[in-house]
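Residue numbers (our numbering), protein chains in the order written: chain A, 1 to 355; chain B, 1001 to 1355; chain C, 2001 to 2343; chain D, 3001 to 3343.
We put the beta carbon where it would ideally sit given N, CA and C, even for glycine.
Okay, so here's the structure we're looking at.
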Amino acid sequence: MATMVQAIRMALHVGESRLGVTDIFGEDVGPPLGGAFTATQNLDTAWNSPLDERGIVGVAIGLALAGAKPVCEIQFCDYAFNTIDLLKIAGNTHWACAGDWNVPLVMMTPVGAGIRGSIYHSHSFDAQATRIPGWKIVMPSNPLDAYGLMLSAIVDPNPVMFLKPKALLRVKAKAGERLPGEPDDDKLLAKMIDTPVSPAERAKWKPQWPELQEHYVPIGKAKVARPGSHVTVVTYGRNVPMALAAADELAAEGVDAEILDLRSLHPYDWDAIRESVKKTHRVLCVNEDTEVTNFGEHILRRVTEELFYELYAPPTLLAGAHVPGIGLADALEHASVPTKEKIRAAISELARHEP
Amino acid sequence: MATMVQAIRMALHVGESRLGVTDIFGEDVGPPLGGAFTATQNLDTAWNSPLDERGIVGVAIGLALAGAKPVCEIQFCDYAFNTIDLLKIAGNTHWACAGDWNVPLVMMTPVGAGIRGSIYHSHSFDAQATRIPGWKIVMPSNPLDAYGLMLSAIVDPNPVMFLKPKALLRVKAKAGERLPGEPDDDKLLAKMIDTPVSPAERAKWKPQWPELQEHYVPIGKAKVARPGSHVTVVTYGRNVPMALAAADELAAEGVDAEILDLRSLHPYDWDAIRESVKKTHRVLCVNEDTEVTNFGEHILRRVTEELFYELYAPPTLLAGAHVPGIGLADALEHASVPTKEKIRAAISELARHEP
Amino acid sequence: MTIGASTVKKQGPDARELAPELCVRLHDLMLRARLLEERLITMYRQGDGYFWIGGPGEEAFSVPLGLLVDKGQGIHHDYLHLHYRASGTLLALGADPVDSMRQMKNTATDPYSRGRNFASHYTARKWNVAPVSSPIEVQYSIAPGTAMAQRKPGCKGITVVTGGDAGTAEGDFATCLVWSSRKGSELPILIIVTNNQYGISTPYAGQHGEARISDRGKPFGMETATIDGNDVETAYHGVKRAIDYVRTERKPYLLEVMVSRLYGHSSASGANFVKDEDDCLARFERRLEERKILTRAVMDEQRAKITQEFLEASKRVREEPQPEPHQIWEHVFATKNLVGGEA
Amino acid sequence: MTIGASTVKKQGPDARELAPELCVRLHDLMLRARLLEERLITMYRQGDGYFWIGGPGEEAFSVPLGLLVDKGQGIHHDYLHLHYRASGTLLALGADPVDSMRQMKNTATDPYSRGRNFASHYTARKWNVAPVSSPIEVQYSIAPGTAMAQRKPGCKGITVVTGGDAGTAEGDFATCLVWSSRKGSELPILIIVTNNQYGISTPYAGQHGEARISDRGKPFGMETATIDGNDVETAYHGVKRAIDYVRTERKPYLLEVMVSRLYGHSSASGANFVKDEDDCLARFERRLEERKILTRAVMDEQRAKITQEFLEASKRVREEPQPEPHQIWEHVFATKNLVGGEA
Ligand SMILES: Cc1ncc(C[n+]2csc(CCOP(=O)(O)OP(=O)(O)O)c2C)c(N)n1
Ligand SMILES: Cc1ncc(C[n+]2csc(CCOP(=O)(O)OP(=O)(O)O)c2C)c(N)n1
Ligand SMILES: [Mg+2]
Ligand SMILES: [Mg+2]
């Protein structure tokens, strides 16, 4: 099974060879590194940009306006905060010129904690991203969705932000969740598409891309990652596997949680949320971003406004602590973001809540 | 009665003459203009910066580190979005260095719609600001609070963001809300502190500052702008007078709304919110920022989590439409942000809601 | 001819006199551009619009720019990333002045933004005019992107970006210089700064350490020049030389154009005529008389005619519909890839 | 002596030979700085830390910088806005190497961040060392602020800012140049770029149009120089000359220092010794032998002693307490105005 980073790389390969992607660029995105997480290794159109995030976003906009199809990367989302004005422009151009131009670009960036990244490699971007109208925003929780969301992002005529959950990038797909066309043998896949580490091998090595089929995960569609009847957990990215693990543990105690993997943060799948809440009457939102003015608060506000009388317990948010950063020491990181234990406790409390 | 812009100017005068303010700067902040809204006219320490918001925020941080007391301005909050990373640094420095340094600066910026400012002079900043831990954030709704909050901002050892509700800057204080030391006669005040318009008069004119007393509005304390028993309206800035007007109209219909003027967005006065909601059992948050991942959603999420069983109606948000900008034409602007009519309708609906 | 000499080119008669027909065309467009701005200012004064900003005083530069670019759609034509003083360029490209009035009056018929954006915030995909947006200097970070798309072998299209002097303090100006001049990846981009010596109320002096803004291109090995933008002949030749260089060499060129700001910054600063700045139109008209290309009487008549035409147009615009509230929801997302060729 | 000549200064013996005592001091500090970084790398390898980044290869520059600044607190001393390769500077200022290990091991005793920040993210208010933060180049926008506070009449303190070559592509570098050189408001700031020819994996060539980064100061009328930072004597003199100029003239100076990156970018790229780059310490040791200031044997012994000392310290650090979860809530807000003199 492919890892998420391999899946993204294969999607970009399909993008550049069949879907018109012209430029995959950002800091250290081209040779020799192929990206901080190797997501852009061995791609024909990948190149290294100057160390200038404003230039990266600006040039992506310009390329898009000129009919190219850029996929740009901000090396860590922690370093995108000097470009918010440009991201806003990418998002408002079509609207501001009343439809004269559109801005079809993809921006991808690794997000979240889980790799002991300390203050500046642990940021989340979901709350910030959802505050920028005109963008579509996706965040996969597994390799197959990563592949399918990236292809959808590439063919979309709008700016699409692809948030890469850092902690999941090297995690393999679950059995059965193979990309269409991916070889059966993981070792073979690695041999085919991962640059060898040793310089000697590297010199004569060339990638051999598998014959991949297109697979599109529609933007705006959530996925029920685990059906359940007692509590709805609305989450995405890194928290999906944690929520699944927590739910599996709770199943033994008779608590049956439904895990909704949002996949698209904007536009998001309100129908899926509503349907689930109407069934379970209890809802927990989980994400890692700081908890004041958090995207989960939007979801919960809407749930509360529209489904007030469906609720048997206070809707609950489990999110990052509202502190200025995520500390390096394990105890600090764990105290700052959701963990499986915290998710489990929150689901359990909601399930046991007596109205 | 002073206008809000006069009150801010007088606070800055007190700041530079008695509270150690060393530099008041930003684009067009110094002579000859004294700020796009004249908030910095005739101040001794006001100077014009280069047209570079990143430099403005960066230099304010540097000045603060060096023991100076800067008050910097971003001419319109619409132009602060290329500085979010620097604002984050101002907010995380004390935390990241575990208390070694602090960053005592004030950043002020006009926010919000109401002056037909089109796409780039109508932005709100409250949601964005509340997403930056380590900052205190204030937003007055009247001249006296503007004066008192600015003095508190100046003496605070932390970065404080002072959001100026653009549409209220030229509105005079209500009778009885005179700044301590302000002359009784408004015309006299204008003569004393407003630069004459005619160049001839201007040449020989000098400001004559009234003998102002210090008056501090504590950061973190809300104000009950109108006591009421049926519905709690949590709001701030420009929406306070609109909410008051709406409440006055509704009083005639027997609806008695309590208007809570938050004044500080972070830290905010949770006690005041809780107390009010426990009394009215119905809550409306009103602000102008776009409604996805909005600060009002945080307030409502907390209300719902902590006061679920106190609520007799779904807590409600009235905020800006989630579109990429605010259009110039009146119909577009009015469709994009709360108006007195919309606030009135929302209060009325909440008050009449039958559980 | 010295390319890139960083000196203000001398005005006055020289061997580079423009042909009479071109002079007449330039004059007509400059006059129209000026009168259009004056009409917009009047509309503002009369309550037919909430805010005016524009380019009176830059016509001797902005009109030649519009005439000299290769107008069209797509990478084989020139891209324009302009700021909010470009009416002259748009008119020279062929824009309808009435559309500027529609934007001023924020009507539903305004083709540039359907009543959403301020005056002078142009856009014209059919002519590669990227949308003008209010934030200062962001166009300098975006423009290298269209220029990069034009690095294709055989491509003759170039990218032109303009902005003001004060704005060069933003990091985006440096971004433009850095991205345009990377060794081996130089971009076909003409980077223009119109220096009117002001940012709103803030004079140039006191904010700049550079003797000339164009000097900032030098460390990057760029061709640079500073020219007198109040003299239409100088400006025409200066812009042409720069465009030709970029088109042929496929390399960046930094051009500083000294211009006037004849009605102050915008309506926010009163929009009154400034007497003590050089008026490029008056200067050109004197020259046209000297060269006996047009007489005062002919020019007066022309002015009266256009003035009347614009007055009438503005009255008609006043009657056009305003946008509807529900229209805020239109164009949030594109449903077609217009720039990708979908129609 | 030519100030501001943009040439790589020649190495080798010359009239500017440093006094033997100074050489011994420099060598001791350079050696300690190098061995400290090597210890930190080993700690990383052994699981006593999650990430290493630091400055091995920059000691011939970073140590002199620490010795040459006027160390102290407040505007009458020099401010340092450093990036993450400054251990040499900190040791030269008098920092305890054990504290670097504490930060590496993210202990509760780490005085720089209490286990919050990565290695080499120093801060020392008592010595005007502003907190090092990870985002590239932001220090260049902040540094003009401390320099501005030092424009007070009679003030002799200056501001020094350092960062890498790749980072100069960020707009913040231009912000620093613009704000430092405003005519009539020039700032007493030494703007340093350590050019190791890389940004992580991206080589200098291909990303820069400038022949020399220091040239970027020239349009702003700044004194500039590029020096060989692998030769400690050259570097010492170059830094001293620049500091003296800024201190006396109260004007900006842009200094580019050519350095090596001897263990690659960081632990993310393996932190292996790079054989094909110039090693300033080895070079200095050869020179010390030549000049008969220190023998190989003495230097070997010294190396062994310090290595042992650091090894033992790292073992002790391993036993120090880790932060507690609740400590994330500490220092969100300041309760005292420390920089304003409250204690
Ligand atoms: C990023 C940003 N900051 C501030 C403003 C407000 N503003 C509008 S025009 C202007 C001055 C621009 O001066 P300059 O760049 O010289 O252009 P000019 O208007 O003189 O042509 C300012 C500060 C803005 N529009 N965008
Ligand atoms: C704003 C920002 N963007 C990206 C990064 C990731 N990053 C860390 S170091 C580095 C390269 C820096 O190169 P240079 O400026 O030459 O300094 P050096 O490390 O070579 O000393 C990058 C891209 C970052 N830390 N900050
Ligand atoms: Mg200007
Ligand atoms: Mg480097």
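| field | Short-range partners of chain D found in the stretch 1045-1059 of chain B, where Cβ spacing is below 7 Å | value | Within the stretch 1045-1059 of chain B, the residues whose Cβ lies closer than 7 Å to some Cβ of chain D are Pro1050, Asp1052, Arg1054, Gly1055, Gly1058, Val1059, listed in chain order.
| task | Examine chain B for any beta-carbon lying closer than 8 Å to the beta-carbon of Ser2087 of chain C, and answer yes or no. | result | Not an interface residue.
| query | Whose Cβ in chain C lies nearer than 8 Å to the Cβ of Phe1336 of chain B? | reply | The sequence shown places Ser at residue 1336 of chain B, not Phe. Near Ser1336 of chain B (Cβ distances below 8 Å), the residues of chain C are Ile2328.
| Would a check of beta-carbon distances place Arg2318 of chain C closer than 8 Å to chain D? | With 8 Å as the cut-off, Arg2318 of chain C does not count as an interface residue toward chain D.
| Quick one: does Thr195 of chain A have its CB under 8 Å from some CB of chain C? | Judged by the 8 Å Cβ criterion, Thr195 of chain A is not in contact with chain C.
| DSSP bridge partner residues for Cys72 of chain A (one or two, in chain order) | Secondary-structure assignment with DSSP links Cys72 of chain A through a beta bridge to A:Phe25, A:Met107.
| task | Anything in chain C within Cβ reach of Gln3139 of chain D, meaning under 8 Å, just list it in chain order. | result | Simply none; closest approach about 14 Å.
| task | Please report the Cβ distance between Leu2018 of chain C and Glu2233 of chain C, rounded to the nearest whole angstrom; I am assuming they are in contact, meaning their Cβ atoms lie under 8 Å. | result | Right, their Cβ atoms sit about 5 Å apart.
| message | Against chain C, does Trp270 of chain A count as a neighbour if the rule is that its beta carbon must be under 8 Å from one of theirs? | response | No, no contact with chain C.
| query | Closer than 8 Å, CB to CB, is Pro291 of chain A near chain D or not? | reply | Checking the displayed sequence, the identity of residue 291 of chain A turns out to be Glu instead of Pro. Between Glu291 of chain A and chain D, the shortest Cβ-Cβ separation is not below 8 Å.
| field | Closer than 9 Å at the beta carbon, the chain B residues around Lys3071 of chain D | value | Within chain B, no residue comes near Lys3071 of chain D; the closest Cβ sits about 16 Å away, beyond 9 Å.
| Interfacial residues, the stretch 2153-2181 of chain C to chain B, with Cβ spacing under 7 Å | Residues of the stretch 2153-2181 of chain C with a C-beta atom less than 7 Å from some C-beta of chain B are Ala2166, Gly2167, Ala2169, Glu2170, Gly2171, listed in chain order.
| task | Please compile the residues from chain C whose C-beta is within a distance smaller than 7 Å of the C-beta of Arg3216 of chain D. | result | The answer, in chain order, is Pro2219.
| field | Where Glu1253 of chain B falls, given that 16 or more other Cβ within 10 Å makes a residue buried | value | The residue is exposed, with fewer than 16 neighbouring Cβ atoms inside 10 Å.
| query | Is there at least one Cβ from chain A nearer than 8 Å to Arg3212 of chain D's Cβ? | reply | Cβ-Cβ to chain A under 8 Å: no for Arg3212 of chain D.
| field | Other residues of its chain near Ala203 of chain A: CB distance less than 7 Å, five sequence neighbours each side excluded | value | For Ala203 of chain A, where only same-chain residues beyond five positions count, there are no Cβ hits under 7 Å.
| query | Does any residue of chain D bring its CB to less than 8 Å from the CB of Ile1326 of chain B? | reply | Under the Cβ criterion of 8 Å, Ile1326 of chain B is not counted among the residues facing chain D.
| Taking Leu3026 of chain D as the reference, which of D:Glu3037, D:Arg3039, D:Ser3062, D:Gly3054 has the closest Cα? | For the residues D:Glu3037, D:Arg3039, D:Ser3062, D:Gly3054, the minimum Cα distance to Leu3026 of chain D belongs to D:Ser3062.
| task | Grab the span of the beta strand (DSSP E) containing Pro241 of chain A for me, first residue to last. | result | Counting along the chain, no beta strand (DSSP E) covers Pro241 of chain A; the unbroken alpha helix (DSSP H) around it starts and ends at 239-251.
| In chain order, which continuous runs of the alpha helix (DSSP H) of length 4 or greater are located wholly inside the stretch 1161-1217 of chain B? | Here the runs fully enclosed are 1186-1193, 1199-1204.
| message | Quick check: what's the CA-CA separation for Ala2033 of chain C versus Val1021 of chain B? | response | As the crow flies, the alpha-carbon of Ala2033 of chain C is around 47 Å from that of Val1021 of chain B.
| request: Please name the residue in D:Leu3090, D:Ile3053, D:Trp3179 whose C-alpha comes closest to that of Ala3271 of chain D. | output: It is D:Ile3053 whose Cα lies nearest to the Cα of Ala3271 of chain D.
| task | Compare the Cα-Cα distances from Leu3091 of chain D to each of D:Ala3211, D:Ser3260, D:Gly3055 and report the closest residue. | result | When only C-alpha atoms are compared, the closest one is D:Gly3055.
| Where do the ends of the beta strand (DSSP E) carrying Val2257 of chain C lie? | Boundaries of the beta strand (DSSP E) harbouring Val2257 of chain C: 2253-2258, taken from the DSSP string.
| field | Cβ shell of Trp1047 of chain B (< 8 Å), same chain only, five flanking positions each side left out | value | Once the five neighbours on either side are set aside, the close Cβ partners of Trp1047 of chain B are Asp1023, Ile1024, Phe1025, Val1029, Gly1030.
| Complete runs of the alpha helix (DSSP H) confined to the stretch 275-300 of chain A [at least 4 residues] | Secondary structure in the stretch 275-300 of chain A: no alpha helix (DSSP H) run of 4 residues or longer lies completely within the stretch.
| task | Provide the residue(s) that pair with Ser1118 of chain B in DSSP beta bridges, ordered along the chain. | result | Bridge pairing for Ser1118 of chain B: absent [DSSP].
| Distance CB(Met10 of chain A)-CB(Leu212 of chain A) smaller than 8 Å | In this structure, Met10 of chain A lies near Leu212 of chain A, with their beta-carbon atoms less than 8 Å apart.
| What is the residue span of the beta strand (DSSP E) that Leu1318 of chain B lies within? | Residues 1316-1320.
| Looking at Tyr3198 of chain D and ligand 4, is the gap between the Cβ and the nearest heavy atom below 7 Å? | True, at least one ligand heavy atom lies under 7 Å from that Cβ.
| Considering only the beta carbon of each residue, do Met3101 of chain D and Ala3313 of chain D sit closer than 8 Å? | Yes, the Cβ-Cβ distance between Met3101 of chain D and Ala3313 of chain D is below 8 Å.
| Contacting residues, own chain, Cβ-Cβ under 8 Å from His1281 of chain B (five flanking each side not counted) | Excluding residues up to 5 positions away in sequence, Glu1310, Leu1311, Tyr1312, Ala1313 lie with their Cβ nearer than 8 Å to the Cβ of His1281 of chain B in the same chain.
| task | Taking Lys3183 of chain D as the query, report the chain C residues whose CB atoms sit under 7 Å from its CB, ordered along the chain. | result | Within 7 Å Cβ-Cβ: Ala2205, Gly2206, His2208, Gly2209.
| request: Please compile the residues from chain D whose C-beta is within a distance smaller than 7 Å of the C-beta of Asp1028 of chain B. | output: Those do not exist, as Asp1028 of chain B stays about 15 Å from chain D at its closest Cβ, beyond 7 Å.
| the stretch 3108-3120 of chain D: positions lying closer than 9 Å to chain B by Cβ | Per Cβ criterion, the list reads Asp3110, Pro3111, Tyr3112, Ser3113, Arg3114, Gly3115, Arg3116, Asn3117.
| query | Which residues bound the beta strand (DSSP E) around Gly3163 of chain D? | reply | Counted as a single uninterrupted DSSP element, the beta strand (DSSP E) harbouring Gly3163 of chain D occupies residues 3159-3164.
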